[in-house]
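Take a look at the structure below.
Residue numbers (the numbering used here), protein chains in the order written: chain F, 19 to 421; chain D, 19 to 421.
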């Protein structure tokens with residue numbers, strides 16, 4: 019029995035003690051009536067965990083948040099879309115700090131209690147005048163999770179948000195709310211995925227960090243559109259303790275229940291990003307098993323998922339397993355091609371590295387569908403990893419031409 | 019002054035003592051009148067050097083050639099297009115060995131003196147009956163380099179071959195002839211680049227291997243269409259000594275003259291492959307300098323060249339340097355973004371990691387051309403590397419859909 023349940027229409031404002039607001043500042047386009055600034059606030063003491071892009075070129079707000087996470091009593095988040103504030107030098111850092119200060123002054127916080135994110139064009143200075151002008155509107159807080167979710171969207175075509183009620187093992191209950199943006203990791207001029215998760219759970223910092231790190235590893239770090247890692251990727255989880263549950267500690271059944279819900283939320287939002295990937299037409303669940311180590315399995319999964327030739331095969335709905343073999347071979351992991359099996363859903367395509375003898379039409383019945391599983395067995399060990407990805411469509415290239 | 023000169027219309031049969039033939043066997047398509055088998059032969063003792071794909075999934079002929087290169091008196095080469103003989107298991111090895119034996123029997127050689135290559139579809143058994151039927155025609159040798167060059171083409175739109183006369187430092191002269199195939203490393207169902215080079219130079223084995231390895235490193239290993247490394251890539255250089263020059267030894271001015279010509283031939287053919295890349299519209303010379311090591315420079319060059327977002331930028335002819343920054347950042351090499359400069363030809367795009375202030379229209383004058391240079395300076399050291407690549411066009415994806 020599931021220990022958590024969806025809350026219809028819920029999002030980041032659903033857990034107790036969180037409110038948010040949004041405004042159209044004209045950052046996306048001057049004068050446009052598109053939401054592009056959002057503010058989230060909780061008046062309560064929090065614990066928070068965050069993960070950031072490992073790209074060596076980091077946006078200014080990422081650097082500021084890495085500083086602020088030292089203090090770890092994050093009570094407000096300010097996010098703009100339309101400008102990534104990346105490759106903007108010293109002025110970018112000044113602007114990101116000003117966004118924190120604006121928010122801190124409004125709610126009587128210290129700057130270090132504010133988390134700042136940006137998503138949009140790289141290399142263009144932040145239009146701070148327009149942001150300042152729209153800030154007061156964004157800071158009018160309410161309980162509707164949709165406007166703030168829309169304010170962080172860029173090339174996304176659907177708002178991606180969710181909330182659940184979690185029954186902990188001890189009978190107590192907490193809520194988790196979330197929103198994310200990103201049409202895959204590839205966004206024209208934008209290149210960002212962001213995810214914000216709120217919870218009213220009381221939870222020890224070590225435990226929250228551990229569960230967040232683990233859940234991110236198996237969800238957001240397992241999706242790829244084509245491997246273009248962004249300068250701004252950020253996942254933040256804030257817990258304000260307003261559920262008044264016994265604080266959750268590591269290695270307890272309560273932590274397990276909380277993790278199960280957190281993992282499920284992250285996985286569903288990560289999959290929603292892939293389904294909303296720019297111009298993609300298919301959703302592929304790619305499992306590599308029989309590997310010596312989980313890292314090997316993940317490395318091969320990423321190589322296959324990012325192969326442009328494999329992506330073209332998916333786009334065409336074809337079962338051309340030879341392309342999968344060639345991508346396995348260049349992943350940089352030692353393999354024995356005579357032990358490799360490949361299946362489309364439950365249909366054998368290759369055995370011992372050569373054709374399994376299944377008629378192409380039978381295989382195509384599996385691959386010519388909107389969603390299917392590709393399973394690679396390396397025949398070397400017990401480790402496995404699953405990644406989620408999508409095809410490459412001719413419209414993608416067209417979509418990514420700049421005006 | 020150049021120490022070598024082009025020989026009009028020359029190719030692999032131009033050096034003394036080499037002849038070749040070609041046939042249409044119906045391997046590309048049964049009954050089709052397309053050349054798809056070629057045989058090259060020299061009756062003289064040779065020294066030879068070869069480099070092969072580092073893909074862990076290797077085609078059967080690659081494995082056979084790796085064995086045969088132990089003996090190192092290669093006197094014949096047999097190559098088919100239309101079938102890669104990859105992922106074909108034990109039968110594939112048997113078929114590759116039979117191709118060697120057929121050729122050896124015809125010319126009175128040992129099997130180990132024959133080099134075997136295949137390019138085409140992966141995972142489909144070799145149509146040996148059709149190949150056997152066409153072999154005798156292919157083995158009718160002549161001096162025209164064009165038919166054998168055409169017989170190894172797959173999605174190539176132009177035949178790529180060349181020959182030069184090399185004046186060695188000691189006044190003696192030798193010839194080098196070459197042919198290559200490959201429309202980039204990405205070929206639908208094919209996935210192969212092959213290059214065959216003949217020379218009538220007398221050259222010591224150690225010297226030939228050293229010069230070949232070095233030339234391949236800076237030419238064929240520096241091109242990428244989108245990084246899909248094939249199962250069949252092979253470069254072979256055969257020297258038969260018929261120029262009767264004093265055998266060339268390492269670290270002499272003769273070796274330097276020979277290398278200069280060999281490098282120029284390989285570079286011109288490698289560039290010709292990029293210019294003929296499937297549906298590509300632009301040619302980009304991408305130099306990374308100011309790196310701590312040449313390997314770092316090459317790693318960053320490959321990451322930028324293979325970024326789908328950067329390729330879309332090139333396709334559009336746009337100077338969006340922020341995409342270049344983000345790809346530099348995820349290459350896996352330590353960089354300091356505040357030291358990075360980016361130039362399009364000689365026009366500054368970024369300085370110290372932020373916009374250089376050049377108007378977009380000025381930069382676009384450089385990037386909206388069929389060929390341009392992208393220069394990245396990391397500001398860290400003295401090492402550099404240049405890679406050659408191309409854009410990603412919406413027609414590429416369409417072209418790579420299978421029927």
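Ideal Cβ placement from N, Cα and C applies to all residues, glycine included.
For residue i and residue j, what's the separation of their Cα atoms in angstroms?
i: residue 310 (chain D); j: residue 396 (chain D); result: 9 Å
i: residue 299 (chain F); j: residue 333 (chain F); result: 7 Å
i: residue 58 (chain D); j: residue 369 (chain F); result: 36 Å
i: residue 320 (chain D); j: residue 337 (chain F); result: 29 Å
i: residue 340 (chain F); j: residue 158 (chain F); result: 56 Å
i: residue 384 (chain D); j: residue 405 (chain F); result: 39 Å
i: residue 286 (chain D); j: residue 359 (chain F); result: 40 Å
i: residue 7 (chain F); j: residue 112 (chain F); result: Any property of residue 7 (chain F) remains undetermined from this structure, which presents chain F solely from 19 to 421.
i: residue 209 (chain F); j: residue 259 (chain F); result: Low per-residue confidence applies at residue 209 (chain F): pLDDT is 43, beneath 50, and the placement is therefore not dependable enough to give any value.
i: residue 68 (chain D); j: residue 200 (chain D); result: 17 Å
i: residue 212 (chain F); j: residue 71 (chain D); result: 39 Å
i: residue 207 (chain F); j: residue 38 (chain F); result: At residue 207 (chain F) the pLDDT is 33, less than 50, meaning the model places this residue with poor confidence; the figure from the coordinates comes in the next sentence. C-alpha separation (whole angstroms): 27 Å.
i: residue 347 (chain F); j: residue 261 (chain D); result: 41 Å
i: residue 204 (chain D); j: residue 173 (chain D); result: Its pLDDT being 45, under 50, residue 204 (chain D) is placed unreliably in this model, and the value from its coordinates should be taken loosely. Each residue's Cα considered, the two are about 10 Å apart.
i: residue 331 (chain F); j: residue 154 (chain F); result: 50 Å
i: residue 120 (chain F); j: residue 85 (chain F); result: 17 Å
i: residue 23 (chain F); j: residue 183 (chain F); result: 5 Å
i: residue 123 (chain F); j: residue 116 (chain F); result: 10 Å
i: residue 283 (chain F); j: residue 357 (chain F); result: 36 Å
i: residue 51 (chain F); j: residue 88 (chain F); result: 37 Å
i: residue 251 (chain F); j: residue 349 (chain D); result: 16 Å
i: residue 188 (chain D); j: residue 198 (chain D); result: 30 Å
Among the options, which one has its Cα closest to the Cα of residue i?
i: residue 66 (chain F); options: F:54, F:167, F:324 and F:130; result: F:130
i: residue 256 (chain D); options: D:234, D:239, D:219 and D:288; result: D:219
i: residue 133 (chain F); options: F:214, F:23 and F:152; result: F:214
i: residue 313 (chain D); options: D:279, D:325 and D:351; result: D:351
i: residue 29 (chain D); options: D:195, D:367 and D:402; result: D:195
i: residue 273 (chain F); options: F:294, F:289, F:285 and F:224; result: F:224
i: residue 394 (chain D); options: D:166, D:306 and D:322; result: D:306
i: residue 105 (chain D); options: D:76, D:152 and D:24; result: D:76
i: residue 375 (chain F); options: D:74, D:25, D:120 and D:142; result: D:142
i: residue 55 (chain D); options: D:145, D:27 and D:123; result: D:145
i: residue 263 (chain F); options: F:221, F:365 and F:233; result: F:221
i: residue 293 (chain D); options: D:110, D:187 and D:178; result: D:178
i: residue 165 (chain F); options: F:386, F:40 and F:25; result: F:40
i: residue 127 (chain D); options: D:226, D:156, D:233 and D:91; result: D:91
i: residue 409 (chain F); options: F:303, F:402, F:250 and F:149; result: F:303
i: residue 34 (chain D); options: D:176, D:217, D:78 and D:94; result: D:217
i: residue 355 (chain F); options: D:78, D:44 and D:43; result: D:78
i: residue 399 (chain D); options: D:315, D:364 and D:148; result: D:315
i: residue 233 (chain F); options: F:249, F:250 and F:254; result: F:254
i: residue 118 (chain F); options: F:140, F:80 and F:139; result: F:80
From what residue to what residue does the alpha helix (DSSP H) around residue i run?
i: residue 302 (chain D); result: Not the alpha helix (DSSP H): residue 302 (chain D) falls in the beta strand (DSSP E), residues 301-309.
i: residue 283 (chain D); result: 271-293
i: residue 314 (chain D); result: 312-324
i: residue 226 (chain D); result: 223-236
i: residue 39 (chain D); result: Residue 39 (chain D) -> not in any alpha helix (DSSP H); beta strand (DSSP E) instead, spanning 37-41.
i: residue 345 (chain D); result: 339-347
Could you pull the start and end residues of the beta strand (DSSP E) that residue i belongs to?
i: residue 171 (chain F); result: No beta strand (DSSP E) contains residue 171 (chain F), which DSSP labels as neither H nor E.
i: residue 390 (chain F); result: 389-395
i: residue 407 (chain D); result: 401-408
i: residue 197 (chain D); result: 191-199
i: residue 379 (chain F); result: Counting along the chain, residue 379 (chain F) falls outside any beta strand (DSSP E), though it belongs to the alpha helix (DSSP H) covering 378-385.
i: residue 24 (chain D); result: 22-24
i: residue 217 (chain F); result: 212-217
i: residue 366 (chain F); result: 365-369
To the nearest whole angstrom, what separates the beta carbons of residue i and residue j, a pair I think is in contact under 8 Å?
i: residue 281 (chain F); j: residue 236 (chain F); result: 7 Å
i: residue 99 (chain F); j: residue 169 (chain F); result: 6 Å
i: residue 230 (chain D); j: residue 21 (chain D); result: Actually they do not touch by this definition, with Cβ atoms about 18 Å apart.
i: residue 60 (chain D); j: residue 102 (chain D); result: About 26 Å separates the two Cβ atoms, so there is no contact after all.
Cβ of residue i versus every heavy atom of the ligand FAD: is any distance shorter than 7 Å?
i: residue 90 (chain D); result: This structure does not include the ligand FAD; it has no bound ligands of any sort.
**OP:** Taking only runs that begin and end inside the stretch 65-115 of chain D, name each unbroken alpha helix (DSSP H) of 4 or more residues, in chain order.
**Re:** Correct list: 78-86.
**OP:** Please list the segments of the beta strand (DSSP E) lying wholly inside the stretch 120-162 of chain D, counting only runs of 3 or more residues, in order along the chain.
**Re:** Listed in chain order, the complete beta strand (DSSP E) runs (minimum 3 residues) inside the stretch 120-162 of chain D are 132-139.
**OP:** Could you run through the stretch 229-242 of chain D and flag, in chain order, every residue whose CB is less than 7 Å away from some CB of chain A?
**Re:** This model lacks chain A altogether; the protein chains it does include are F and D.
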